[in-house]
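Protein chains in written order, with this note's numbering: chain A, 1 to 265; chain B, 1 to 680. Where a beta carbon is used, it is the ideal one built from N, C-alpha and C, also for glycine. Predicted, not measured: the structure shown is a model, and the values here were computed from it.
Have a look at this one:
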């Protein structure tokens, strides 16, 4: 079942990753398509995080390929992937605490246009003498847009370290959005959020997806996933046990077995 | 200078001629055994403290040195019996110092879960403080050490064996077995492992974590004292010399991964015997000089190699360490009024020396030179979060190469070339920095600085006949004291301009992003690898320029001016104390060092003051600059203070402690937050 190519699509084909004797991920294939939300679920130890790390470039898979719009990015580092348009957030917040919310987003916007090594190095030395590359006004406008989209205007000038986890999850999302990602990978975006904040996050993610971004999220909150995702992948013990629409996965016997620990009838 | 007084086997020349090579090798092995055993002992002491407290005690060397001096004082000056002196120092003084240090310095840090960087700075501060004290009390002159163990020589057939070497090894092996037994079979051992794994959980389980940490510190300092007393007769016995030897044999715990005691013993003994066996080979010509330098400095070579070959230093705490707590400045620009005021004060203070009499002006000339070096530490540590304990290495290279180049080229060109050459070494150091952080990076940069000092600055091949002249511009000489000082100020101003660019704009934001969270920075495409190498390159170039200015000021190159222990480490401490993220603080720090030197007429007195400050850095993590900033903020906008206040303790609201205006401001902020949260 190889889908037709989509713009902004990230696909991981036949990924396997082994840690010593443990096969954390075993021949798993997932993909995301532009404008839709995919979700990865599974009980603890299912291999979700390892697969996620293979997608973001934190781990290199032993077998299999990661492709971004047809381009093989398996061997690229996480920052190189980011420069190609793979945005991400973290389960444990990785915010810049001493910068304000606006500056946090600005860092995302600053680094949009620096794809070539020579260009980046040139930019560093130019920065040393006070010359900046790239369209600063366009970058600022992008920050304005994202602040507007996420409703962060009230805290824009507040140092990030003084804000609550819920707000900071949005800031992290905003930082990734300012970088103009074609694919957005979210690691448990709802953990630490209360009900209101989760609902708001749901709305924001739908808005983001509607701007033609492909979203893949790893999430424990099954209700959130089934309410939000267009396509769900369920993993258990390193294998993909079900994939399809939310309803299909919910009805899958293998998923029930994995989650409820009962033998299929 | 270190590790140099290696013993040669006591064999007469005729005898040695008759000995076959195997026998000679065996004799050399026994000759190196004692030093090797002491190196192992020192390594074990470090591992004990690290495993029990999670703190890598850089001050181990200084405590060993202090104990050795005290022992000498008791026995040689106050004529106490050796055994009594040893008992007082090793069983009384040293464990007491360990317990005190834990109680006063590290317990408060651990209680509030301070960053590993703060603990690191505290141990650096302790080192600087203890060396400063020893220097004041006993002076820099090398002393004759008192040997604790009786030194007999056994002749077994043609073998020559020193009894004390055998005793040293016996102490190490028995001690290690005792430690192993304690760790495995006693409840204390279990408690230590529990506290190191998860302090909070261990406390919930009823373990007194403070007691465990206290015991860890006492045991570590006990071993340090023993190390110091045993090693003193075998090395150059000065405050700096002895401390540095112990710091260099950090190679042993690093090879042992900060955990493995048997490996530490093997590594220590191998180092001692290896250095001794090197005497077997005597190359000719230039190679001899290199070979001898290698032999005398084997531990530092081993340390550097071990650090470069390792992927990580230790599980958990060893690699942890963010400098955020030391460098909290945000990119937010202050009001124009405050900036103008700051620059005006700085300009007046820096221009004042032009009115001084010549003698004072000549001393004041050190300020801009040191300031440039200190600012380079701010760039790397404060702005980018990379700890560098090797900055004197780059400064010294700049100084040395300026001297070399300026004989062939105009001085200004030579200055630029020296900066470029120093930056090339910075570039090379930047590579290992890509994967290293915190303590691991600190040790690596320290090893690089020491390596450069030993293999370049102290080799006559590089430094002989070095002539240093002050520059001239367009045929106009700047050799006069006033002209040279003005020239230094211009250089400092240029460096400041670069620093402004490193702080603001996209470049500054990327650096702070890297400092605050490397993963976060990577996730938006910041090229962290390139950025780290870049900032090391730039910082080394700055340090090189500062070093060149320093040597132009003094007129001659002295290796001691760029010593890792006498310069790099105290300089780093000064910068942190004055505010790791404040370039202006760095200039003030330079002024402070020179002023204290001038007032006390004592080149090392400032170490005591800075040592005390740095040891207690936990009380004021942002340093003096941060305190000043907060004071000014408070004076200008009490509101911002309230905001911090509220951030620190959001609920319950500290109403009783706020003024009326403060209360209104806090209510306003809270209302805004509630409104923000309620927004759909």
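If you count every other CB in all the chains shown that lies within 10 Å of the CB of residue 205 (chain B), and 16 or more means buried, which is it?
So residue 205 (chain B) ends up on the exposed side.
Among all the DSSP beta bridges, which residues are the ones paired with residue 65 (chain A)?
Partner(s): A:13.
Do you know how far the Cα of residue 512 (chain B) is from the Cα of residue 318 (chain B)?
In this prediction, residue 318 (chain B) has a pLDDT of 41, which is less than 50 and means its spatial position is unreliable; what the coordinates show is noted afterwards. For residue 318 (chain B) and residue 512 (chain B), the distance between alpha carbons rounds to 23 Å.
Taking just the CA atoms, how far does residue 166 (chain A) sit from residue 652 (chain B)?
For residue 652 (chain B), the pLDDT reaches just 40, beneath the cut-off of 50, and the residue's location in the model is therefore unreliable, although a value from the coordinates is still provided. The straight-line gap from Cα to Cα measures roughly 20 Å.
Counting contacts by CB-CB distance shorter than 9 Å, is residue 110 (chain A) in contact with chain E?
Absence of chain E from the displayed structure is noted, the protein chains being A and B.
Reducing DSSP to helix, strand and coil, say where residue 621 (chain B) ends up.
Note: residue 621 (chain B) maps to coil in three-state DSSP.
Taking only runs that begin and end inside the region 167-199 of chain A, name each unbroken beta strand (DSSP E) of 3 or more residues, in chain order.
Whole beta strand (DSSP E) segments, 3+ residues: 183-187.
Terminal residues of the continuous alpha helix (DSSP H) containing residue 513 (chain B)?
Here the alpha helix (DSSP H) through residue 513 (chain B) covers 505-516.
Output, in chain order, the set of chain A residues within a Cβ distance shorter than 8 Å of residue 509 (chain B).
Correct list: 99, 103, 106, 107 and 110.
How should residue 158 (chain A) be labelled, buried or exposed, when 16 other C-beta atoms within 10 angstroms of its C-beta is the threshold for buried?
Buried, since its Cβ has 16 or more Cβ neighbours within 10 Å.
Determine whether the Cβ of residue 538 (chain B) lies closer than 9 Å to any Cβ atom of chain A.
Closer than 9 Å to some Cβ of chain A, the Cβ of residue 538 (chain B) qualifies, so yes.
Output the boundary residues of the beta strand (DSSP E) element that contains residue 23 (chain A).
That run of the beta strand (DSSP E) goes 22-31.
Whole angstroms are fine: how far does the CA of residue 68 (chain A) sit from the CA of residue 196 (chain A)?
Each residue's Cα considered, the two are about 34 Å apart.
If I measure Cβ to Cβ from residue 593 (chain B) and keep anything under 7 Å in the same chain, skipping five residues before and after, which residues do I get?
Excluding sequence neighbours, residue 593 (chain B) sits near 370, 574 and 606.
Just the Cα atoms here: how many angstroms apart are residue 389 (chain B) and residue 542 (chain B)?
Cα-Cα distance, rounded: 15 Å.
Is it right to say residue 474 (chain B) is buried, meaning 16 or more other beta carbons lie within 10 angstroms of its own, or is it exposed?
Residue 474 (chain B) should be labelled exposed.
In angstroms, rounded to a whole number, what distance separates the CA positions of residue 123 (chain A) and residue 560 (chain B)?
Their backbone Cα atoms lie some 38 Å apart in a straight line.
Please identify the residue among A:136, A:247 and A:201 whose C-alpha is closest to the C-alpha of residue 192 (chain A).
When only C-alpha atoms are compared, the closest one is A:201.
Buried or exposed, going by whether 16 or more other CB atoms sit within 10 Å of the CB of residue 569 (chain B)?
The residue is buried, with at least 16 neighbouring Cβ atoms inside 10 Å.
For the region 488-512 of chain B, which residues have a CB atom closer than 9 Å to at least one CB atom of chain A, in sequence order?
For the region 488-512 of chain B, which is checked against every Cβ of chain A, the residues closer than 9 Å are 497, 498, 500, 501, 502, 504, 505, 506, 507, 508, 509, 510 and 512.
Look at the alpha carbon of residue 398 (chain B) and the alpha carbon of residue 238 (chain A), and state the distance between them as a whole number of angstroms.
If I take the Cα positions, the gap works out to 55 Å.
Alpha carbon to alpha carbon, what distance is there between residue 414 (chain B) and residue 342 (chain B)?
One C-alpha to the other measures close to 33 Å.
Keeping to the same chain, check which residues put their C-beta closer than 6 Å to that of residue 74 (chain A); ignore five residues upstream and five downstream.
Excluding positions up to five away in sequence, the list reads 65 and 66.
Provide the residue(s) that pair with residue 19 (chain A) in DSSP beta bridges, ordered along the chain.
Bridge partners of residue 19 (chain A): A:22.
Using a Cβ-Cβ cutoff of 8 Å, what residues of the region 271-286 of chain B are near chain A? List them in chain order.
From the region 271-286 of chain B, no residue has a Cβ closer than 8 Å to chain A.
Determine the extent of the alpha helix (DSSP H) in which residue 431 (chain B) is found, giving its start and end residues.
Element bounds for residue 431 (chain B): 411-433.
In chain order, what residues of the same chain have a beta carbon less than 7 Å from the beta carbon of residue 578 (chain B), not counting five sequence neighbours either side?
Answer for residue 578 (chain B): 585, 586, 588, 589, 623, 624 and 625, listed in chain order.
If I follow the unbroken alpha helix (DSSP H) through residue 547 (chain B), where does it start and stop?
It spans 528-554 - the alpha helix (DSSP H) in which residue 547 (chain B) sits, taken as one unbroken run.
Distance check for residue 63 (chain B) and residue 220 (chain B), CA to CA, integer angstroms please.
Residue 220 (chain B) and residue 63 (chain B): Cα-Cα distance of roughly 10 Å.
Establish whether the CB of residue 8 (chain A) and some CB of chain B are separated by less than 9 Å.
With a pLDDT of 49 at residue 8 (chain A), under the threshold of 50, the modelled position of this residue cannot be trusted; read the value that follows with caution. So, not an interface residue.
Please name the residue in B:517, B:446 and B:379 whose C-alpha comes closest to that of residue 503 (chain B).
It is B:379.
Run through chain B and tell me which residues come within less than 7 Å of residue 127 (chain A), C-beta to C-beta.
Within 7 Å Cβ-Cβ: 501, 505, 506 and 507.
Hey, could you find the ends of the alpha helix (DSSP H) residue 83 (chain A) is sitting in?
Note, residue 83 (chain A): alpha helix (DSSP H), 78-83.
Give me, in chain order, the residues of the same chain whose beta-carbon lies closer than 8 Å to that of residue 112 (chain A); leave out the 5 immediate sequence neighbours on both sides.
Taken in chain order, the residues that qualify are 134, 139, 142, 178, 179 and 180.
On the DSSP bridge list, what partners appear for residue 160 (chain B)?
Partner(s): B:155.
Using a 10 Å radius around the Cβ and a threshold of 16 neighbouring Cβ atoms, would you call residue 217 (chain B) buried or exposed?
The residue is buried, with at least 16 neighbouring Cβ atoms inside 10 Å.
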